[in-house]
Amino acid sequence: MELVVFFLSYILLNIIGSLTYIGLLLLFFMMIKKAFHMNEAKWEALFIYRKGKGWYYVMAFPYLLTLVIMFVLSIIWFGLINFEYEILGSLSILLLLTLTGIYKFSKLKYIIQKKLSYS
324 MELVVFFLSY
334 ILLNIIGSLT
344 YIGLLLLFFM
354 MIKKAFHMNE
364 AKWEALFIYR
374 KGKGWYYVMA
384 FPYLLTLVIM
394 FVLSIIWFGL
404 INFEYEILGS
414 LSILLLLTLT
424 GIYKFSKLKY
434 IIQKKLSYS
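The working numbering numbers the first residue of the sequence shown as 324 and each following residue consecutively.
This is the structure we're talking about:
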């Protein structure tokens with residue numbers, strides 16, 4: 324039964340994490356725009372910086388913030404539902420989110436490099 328609760332919690336926390344990431348990503352873009360008075364040329368320069376690493380960093384920084392937020396939320400969630408191993412559950416949620424993030428960002432890196440080589 325504990326395993327079913329863990330997997331349902333993982334699905335719920337994954338949905339919350341995805342929405343949090345999108346919100347932080349949009350907030351990060353808005354902050355960059357306001358702070359540096361971005362126009363089209365500046366955005367392009369940021370995105371093609373070091374063969375796409377600028378774009379990659381802009382996408383990865385909010386993901387790291389999301390992982391920190393999700394770790395805290397998972398500890399709170401597992402405490403609310405009286406999960407027996409709340410720290411272990413939170414660490415495993417963080418590990419699963421990190422592994423999926425590594426896979427997605429490594430794929431994103433090659434897509435960005437491919438698009439920049441066509442330009």
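We treat Cβ as the ideally placed atom computed from N, Cα and C, and that holds for glycine.
query: Can you tell me whether Gly402 is helix, strand or coil according to DSSP?; result: helix
query: Within the continuous alpha helix (DSSP H) that includes Gly375, where are the two ends?; result: From DSSP, Gly375 is part of no alpha helix (DSSP H); its letter is neither H nor E.
query: To the nearest angstrom, how far is it from the Cα of Leu403 to the Cα of Tyr344?; result: 23 Å
query: How about Met361 and Leu369: do their beta carbons lie closer than 9 Å?; result: yes
query: Measuring only the C-alpha atoms, how far is Ile434 from Ile371?; result: 13 Å
query: Return the residue from the list Leu331, Val327, Leu336 that minimises the CA-CA distance to Phe394.; result: Leu336
query: Is it the case that the Cβ atoms of Gly412 and Phe329 are separated by a distance below 9 Å?; result: yes
query: Just to confirm the assignment, what range does the alpha helix (DSSP H) spanning Glu325 have?; result: 325–359
query: Does the Cβ of Leu420 have 16 or more other Cβ atoms within 10 Å, making it buried, or fewer, making it exposed?; result: buried
query: What do you reckon, are the CB atoms on Ile410 and Gly340 nearer than 9 Å?; result: no
query: Between Leu347 and Leu396, how many whole angstroms is the CB-CB distance? I'm expecting something under 8 Å.; result: Not quite, the Cβ-Cβ distance comes to about 13 Å (not below 8 Å), so this is no contact.
query: Out of Lys430, Lys437, Leu414, point me to the one whose CA is closest to Tyr333's CA.; result: Leu414
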